[in-house]
Amino acid sequence: MSNISDSQQVTSIGHKLSAGGHLDVHYQALKDEYDATLRNAGIRPGWSVLDAGAGNGVFLPLMAELLGVEGHIYALDLAQENVEAIERLIASQQPACPIATRTGDILALPYEAGAFDAVWSANVIQYLSDGELTQAIGEFCRVVKPGGLIAVKEVDISVWQYQPQDPKLMWRLLDALSDDVQMSGAMRGTRVSAWFRAAGLENVSAITTLAERRQPLRPVEREYIRNNLEFLSGLAQTCDLTEADHHQWKAIGEEPERLISDPDFCYREMWVLSLGVVSTG
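All residue numbers in the sequence shown are consecutive under UniProt numbering, ending with 281.
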């Protein structure tokens with residue numbers, strides 16, 4: 001098993017599971033569902049779109065394709081190494097529309113009011129407290145034109161499962177981590193629409209996706225699931241759990257392939273795409 005620091009895939013700004021290598025594997029393991037989620041956001045050709053918290057840019061090639069040659073993307077991330085990764089991506093792939101990069105914070109977006117037709121933000125708000133989420137959505141509303149779109153994709157790890165592992169083992173770990181901002185934020189995906197309504201967004205809706213992987217697994221799926229199990233095993237070391245739970249998580253971290261290779265293995269992950277329109281009133 002990797003040490004705790006390695007398994008957490010931490011960026012220079014301290015966000016867990018946000019390092020570029022992990023983001024690539026995560027996207028490729030769930031690519032079909034992720035691409036469908038972006039297509040369902042309603043982004044239109046020719047729009048100017050802010051990717052707020054773009055990570056290393058995994059969604060940008062498809063977003064550029066949807067926008068076409070008349071569109072424009074502005075990719076913003078807090079981690080400098082992610083912005084540099086996006087710039088390498090642009091240089092190597094020559095996307096279908098212009099992409100401008102910038103380092104910045106979604107809590108204080110460095111753009112003028114009404115600058116964009118839409119904001120897209122994926123797997124970002126889990127790092128925010130409830131108060132910070134209110135602030136971020138306020139910033140999204142500020143920089144989007146009246147009548148424009150806000151689309152936020154976020155997980156809900158309350159349904160995270162690695163069967164045939166007893167799901168209660170996961171539930172007890174998540175309960176022990178309830179004071180961790182990221183882990184509690186990652187259980188908020190189904191409730192983001194409430195923040196949208198509180199911010200005055202109109203036509204609020206949500207699309208839920210359940211991604212499931214069973215045997216036989218592709219190599220990239222095995223790698224992604226193994227990364228997750230090592231991450232969870234590392235977190236478990238820091239938690240107040242029973243001796244039996246600590247033993248189970250330690251064994252999973254040391255030999256994740258034993259669980260993954262079970263013929264009845266089933267991985268489940270869920271996320272919610274929340275959509276809203278900035279008021280024209």
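Note that beta-carbon positions come from the ideal geometry of N, C-alpha and C, so glycine has one too. No experiment lies behind these values; they were computed from the predicted model shown.
Provide the residue span of the beta strand (DSSP E) that contains residue i, from first to last.
{"i": "residue 283", "result": "Since the displayed the chain opens at 1 and closes at 281, residue 283 lies outside it and no answer follows."}
{"i": "residue 282", "result": "Lying before the first or after the last residue shown, residue 282 is absent from the chain, which here runs from 1 to 281."}
{"i": "Y162", "result": "161-163"}
Using the beta-carbon count (16 or more within 10 Å), is residue i buried or exposed?
{"i": "L107", "result": "exposed"}
{"i": "A100", "result": "exposed"}
{"i": "G131", "result": "exposed"}
{"i": "Q126", "result": "buried"}
{"i": "D175", "result": "exposed"}
{"i": "S7", "result": "Confidence is the limiting factor: at S7 the pLDDT is only 45, short of 50, which leaves the residue's position unreliable, though a coordinate-based value still follows. That one is buried."}
{"i": "R226", "result": "buried"}
{"i": "N203", "result": "exposed"}
{"i": "K153", "result": "buried"}
{"i": "N3", "result": "For N3, the pLDDT reaches just 46, beneath the cut-off of 50, and the residue's location in the model is therefore unreliable, although a value from the coordinates is still provided. Exposed, since its Cβ has fewer than 16 Cβ neighbours within 10 Å."}
{"i": "W195", "result": "buried"}
{"i": "E212", "result": "exposed"}
{"i": "V181", "result": "exposed"}
{"i": "R222", "result": "buried"}
{"i": "D240", "result": "exposed"}
{"i": "D156", "result": "buried"}
Grouping DSSP H, G and I as helix and E and B as strand, with all else coil, what is residue i?
{"i": "D117", "result": "strand"}
{"i": "G104", "result": "coil"}
{"i": "C141", "result": "helix"}
{"i": "M1", "result": "Because the pLDDT at M1 is just 38, under 50, the model does not fix this residue reliably, and the point stays unresolved."}
{"i": "A132", "result": "This sequence places Glu at residue 132; Ala is not what is there. Of the three classes helix, strand and coil, the one that applies to E132 here is helix, per DSSP."}
{"i": "A85", "result": "helix"}
{"i": "R44", "result": "coil"}
{"i": "S261", "result": "coil"}
{"i": "A122", "result": "strand"}
{"i": "V192", "result": "helix"}
{"i": "Q28", "result": "helix"}
{"i": "E112", "result": "coil"}
{"i": "G57", "result": "coil"}
{"i": "A91", "result": "helix"}
{"i": "L78", "result": "coil"}
What are the partner residues of residue i, as DSSP defines its beta bridges?
{"i": "W271", "result": "V155, T209"}
{"i": "I99", "result": "I73"}
{"i": "V277", "result": "L149, E202"}
{"i": "C266", "result": "Q163, R214"}
Note the first and the last residue of the continuous alpha helix (DSSP H) segment covering residue i.
{"i": "T37", "result": "31-40"}
{"i": "M170", "result": "167-176"}
{"i": "E221", "result": "219-236"}
{"i": "D245", "result": "243-254"}
{"i": "V181", "result": "181-185"}
Assuming residue i and residue j make a contact with CB atoms under 8 Å, what is their CB distance in whole Å?
{"i": "D51", "j": "W160", "result": "25 Å between Cβ atoms; not a contact."}
{"i": "D117", "j": "L149", "result": "7 Å"}
{"i": "T209", "j": "E84", "result": "About 30 Å; that fails the 8 Å criterion."}
{"i": "T280", "j": "G147", "result": "5 Å"}
{"i": "I137", "j": "A199", "result": "5 Å"}
{"i": "G46", "j": "E70", "result": "4 Å"}
{"i": "T190", "j": "V272", "result": "5 Å"}
{"i": "V192", "j": "S274", "result": "4 Å"}
{"i": "L109", "j": "V143", "result": "5 Å"}
{"i": "L78", "j": "G55", "result": "Not confirmed; about 10 Å, so no contact."}
{"i": "L89", "j": "L62", "result": "Actually they do not touch by this definition, with Cβ atoms about 12 Å apart."}
{"i": "G57", "j": "I86", "result": "4 Å"}
I'd like to confirm something about residue i: is its beta-carbon nearer than 8 Å to some heavy atom of the ligand FAD, or not?
{"i": "R39", "result": "The model on display carries no ligand, and the ligand FAD is accordingly not part of it."}
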